[in-house]
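So in the UniProt record's numbering, spot 122 of the sequence shown is number 122, and the numbers just go up one at a time.
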Amino acid sequence: MSSFTTLPDLALRTLGGSVVAASDESFAEKESLIRPGRPGFTPGTFGGKGQVYDGWETRRRRAPGHDWALVRLGVPGVIRGVVIDTAWFKGNYPTHASVEATAVGGHPSPDEVLAAPWTELVPLSKLGGDAEHAFEVLDQGRYTHVRLNIHPDGGVARLRVHGEARPDLTVHDGLGLDLAALANGGLVTACSDEFYSAPNNVIAPGLARHQAEGWETARRRGGGNDWLVIRLAGRGVVRLAEIDTTNLLFNAPAAVALTGLDGEREVELLPRTRLQPDTPHRFRLGSAEPVTHVRVDIYPDGGLARVRLHGHLA
């Protein structure tokens, strides 16, 4: 898999994505395309429409043309790569696929989106059965929707649209916001260790349901400490930090420290401070200096469920 897969999946259902329309979903529902996690499969499970698949599957096409699914991204952004996964579809996968994207503001209907001008991100490409197909995207545009075209018909288990969030932050003018949130354009750009789970989990929407939905490092056997760096949604002043160790009962860090970064300048936001396991912590911060990134140091290792950095854009 390509390096772009370390970036957030902007289409993911848990990030707010939605499959808003499809040409057909006779055998398996279109909503499966953007579910989190790997596709599952149980042989010999038959429903009224045939074998049950964890994916999107269309009927056998008897007329010219091809099938398609329209996905609204959970967060608009710059798309760096696409993964088309045909897991478990072995005799009923499409032979080819392409991906297009468009940007439509507001809250458009599916018909309004389909009528918009489209840009090809992935040209018509050959697919195989029961396999992940990774396609790097070089286009630098900001998009709100993607359209998966399959030729001529068949099943796709998952569509992953990896990229960098570029939401419209004008709705927050004059208001505060979580400057670290992935949904607002935050991104973890560096990390000391991600042995058990990905660092971008800590800035995902909602609460972590279990420890795998946070960030957890391996047990540190040498000196030093683990850390990550969050690029904020924009240069801003951080006033309140939420450090959540929920679900981390025996592997929470003993302490945390926050340092703001603005070019070569470093600003202490929170000195080394004790943490408790399985606990949401809230710390008011005294600095009024704007920063672009925040380094989160945990001592010595362990995991965090979520990090929220509330403040105002500068």
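C-beta: ideal position from N, C-alpha, C; glycine also.
Checklist entry - Which parts of the UniProt domain "Allantoicase" (16-165) are runs of the alpha helix (DSSP H), unbroken and 4 residues or longer, counting only runs that do not cross its ends? => result Qualifying alpha helix (DSSP H) stretches, in chain order: 110-114.
Item to check | Secondary structure of residue 190, DSSP reduced to three states | outcome: Along the sequence shown, read from residue 1 onward, the residue named residue 190 stands at position 190. In this structure, residue 190 counts as strand in the three-state DSSP scheme.
Item to check | Spatially closest choice to residue 298 from 239, 237, 215, 51, by CA coordinates | outcome: Counting from one through the sequence shown, the residue named residue 298 turns up at place 298. Cα-wise, what sits closest to residue 298 is 215.
Item to check | For residue 240, the residue or residues it bridges with in DSSP | outcome: As a working note, residue 240 is residue 240 in the sequence shown. Note: residue 240 sits in a beta bridge opposite 284, 310.
Item to check | Cβ distance (whole Å) where residue 276 is taken to contact residue 246 below 8 Å | outcome: As a working mapping, residue 276 is identified with position 276 in the sequence shown. As a working mapping, residue 246 is identified with position 246 in the sequence shown. Actually they do not touch by this definition, with Cβ atoms about 11 Å apart.
Checklist entry - Which word fits residue 11, buried or exposed, when buried means at least 16 other C-beta atoms lie within 10 angstroms of its C-beta? => result Within the sequence shown, numbered from 1, the residue matching residue 11 stands at position 11. With 16 or more neighbouring CB atoms inside 10 Å of its own CB, residue 11 falls in the buried class.
Checklist entry - If you pair each beta-carbon of the stretch 49-68 with each one of the stretch 141-158, do three or more pairs fall below 8 Å? => result The stretch 49-68 is in contact with the stretch 141-158.
Next on the checklist: Let's see if you can read the secondary structure: which residues bound the beta strand (DSSP E) around residue 260?
Outcome noted: Working through the sequence shown from its first residue, we reach residue 260 at position 260. Going by DSSP, residue 260 is part of the beta strand (DSSP E) stretching over 255-262.
Checklist entry - When the Cα of residue 74 is compared with those of 204, 17, 210, which residue comes out closest? => result Sequence index remark: in the sequence shown, residue 74 carries index 74 (1-based). With respect to the C-alpha of residue 74, the residue from 204, 17, 210 having the closest C-alpha is 17.
Item to check | Short Cβ contact (8 Å threshold) for residue 309 with residue 238 | outcome: Translated into the one-based positions of the sequence shown, residue 309 becomes position 309. Translated into the one-based positions of the sequence shown, residue 238 becomes position 238. At the C-beta level, residue 309 and residue 238 come within 8 Å of one another.
Next on the checklist: If contacts are defined as beta-carbon pairs under 8 Å, then residue 260 and residue 229 qualify, I think. What distance do you get, rounded to the angstrom?
Outcome noted: Here residue 260 corresponds to residue number 260 of the sequence shown, with the count starting at 1. Here residue 229 corresponds to residue number 229 of the sequence shown, with the count starting at 1. Wrong, their Cβ atoms sit about 11 Å apart, outside the cutoff.
Item to check | Own chain residues within Cβ distance below 8 Å of residue 1, not counting five before or after | outcome: As a first step, residue 1 is located in the sequence shown; it is residue number 1 there, counting from the start. Low confidence applies to residue 1: its pLDDT is 47, below 50, so where it sits in the model is not reliable enough to give any reading.
Checklist entry - Contact between the stretch 163-173 and the stretch 204-223: three or more CB pairs below 8 Å? => result The stretch 163-173, when compared against the stretch 204-223, does not touch it at the 8 Å Cβ threshold.
Checklist entry - Looking only at its own chain, which residues have a Cβ that is under 7 Å from the Cβ of residue 186, when we skip the five neighbours before and after it? => result Taking the first residue of the sequence shown as position 1, residue 186 is located at position 186. These residues qualify, in order along the chain: 179, 180, 203, 230, 231, 232, 233.
Item to check | Candidates 274, 144, 162: closest to residue 103 by CA position | outcome: As a working mapping, residue 103 is identified with position 103 in the sequence shown. Shortest Cα-Cα distance from residue 103 to any of 274, 144, 162 involves 144.
Checklist entry - Can you list, in chain order, the residues of its chain whose CB lies under 8 Å from that of residue 35, leaving out five sequence neighbours each side? => result Locating residue 35 in the sequence shown gives position 35, counting from the first residue. Shown here for residue 35: same chain residues with a beta carbon closer than 8 Å to its own, the five before and five after excluded, namely 13, 54, 158 in chain order.
Checklist entry - Distance, Cα to Cα, residue 126 vs residue 151? => result As a position in the sequence shown, residue 126 is number 126, starting the count at 1. As a position in the sequence shown, residue 151 is number 151, starting the count at 1. Each residue's Cα considered, the two are about 9 Å apart.
Checklist entry - What's the call for residue 32, buried or exposed, on a 16-neighbour Cβ count within 10 Å? => result Residue mapping note: residue 32 aligns to position 32 of the sequence shown, counting from 1. Residue 32 should be labelled buried.
Item to check | residue 195, buried or exposed, once every other Cβ within 10 Å from all chains shown has been counted against 16 | outcome: Looking up residue 195 in the sequence shown gives position 195. Classified as exposed, residue 195 has fewer than 16 neighbouring CB atoms from the shown chains inside 10 Å of its CB.
Item to check | Of the listed residues 139, 281, 269, nearest to residue 163 (C-alpha basis) | outcome: In the sequence shown, the residue the question calls residue 163 occupies position 163. Minimum Cα distance to residue 163 is reached at 139.
Checklist entry - Would DSSP call residue 292 helix, strand or coil? => result Along the sequence shown, read from residue 1 onward, the residue named residue 292 stands at position 292. In the three-state reduction of the DSSP assignment, residue 292 falls in the strand class.
Next on the checklist: Which of the three DSSP states is assigned to residue 182 in this structure?
Outcome noted: Residue 182 sits at position 182 when you count from the first residue of the sequence shown. It is helical.
Next on the checklist: Judging by CA-CA distance, which residue of 110, 98, 108, 43 is the nearest neighbour of residue 89?
Outcome noted: Here residue 89 refers to the residue found at position 89 when the sequence shown is read from its first residue. The closest CA to that of residue 89, considering only 110, 98, 108, 43, is found on 43.
Checklist entry - What three-state label does DSSP hand residue 209 in the structure shown? => result Position 209 of the sequence shown, counted from the first residue, corresponds to residue 209. Of the three classes helix, strand and coil, the one that applies to residue 209 here is coil, per DSSP.
Next on the checklist: Taking only three categories from DSSP, how would you classify residue 271?
Outcome noted: The residue given as residue 271 occupies position 271 in the sequence shown. The answer is strand: DSSP assigns residue 271 an E or B state.
Item to check | Three-state class that DSSP yields for residue 169 in the structure shown | outcome: Numbered from its first residue, the sequence shown carries residue 169 at position 169. Of the three classes helix, strand and coil, the one that applies to residue 169 here is helix, per DSSP.
Next on the checklist: Restricting to Cα atoms, I'd like to know which of 189, 175, 78, 171 is closest to residue 136.
Outcome noted: Against the sequence shown, residue 136 aligns to sequence position 136. Residue 78 is the option with its Cα nearest to residue 136.
Checklist entry - Can you check whether the CB of residue 282 is closer than 8 Å to the CB of residue 255? => result Taking the sequence shown and counting its residues from 1, the one referred to as residue 255 is at position 255. Taking the sequence shown and counting its residues from 1, the one referred to as residue 282 is at position 282. Taking C-beta atoms as the reference points, residue 255 and residue 282 fail to come closer than 8 Å.
Item to check | Buried or exposed (CB count within 10 angstroms, at least 16 for buried), residue 47 | outcome: Here residue 47 corresponds to residue number 47 of the sequence shown, with the count starting at 1. In the assembly as shown, residue 47 is an exposed residue. Its beta-carbon has fewer than 16 other beta-carbons within 10 Å.
Next on the checklist: For residue 230, list the residues DSSP reports as bridge partners.
Outcome noted: Mapped onto the sequence shown, residue 230 falls at position 230. Answer by DSSP bridge pairing, in chain order: 188, 294.
Checklist entry - Cα separation between residue 317 and residue 240? => result Since the first and last residues shown for the chain are 1 and 314, residue 317 lies out of range.
Next on the checklist: Please report the straight-line C-alpha distance between residue 7 and residue 92, rounded to a whole angstrom.
Outcome noted: Indexing the sequence shown from 1 puts residue 7 at position 7. Indexing the sequence shown from 1 puts residue 92 at position 92. Between residue 7 and residue 92, the C-alpha separation is close to 30 Å.
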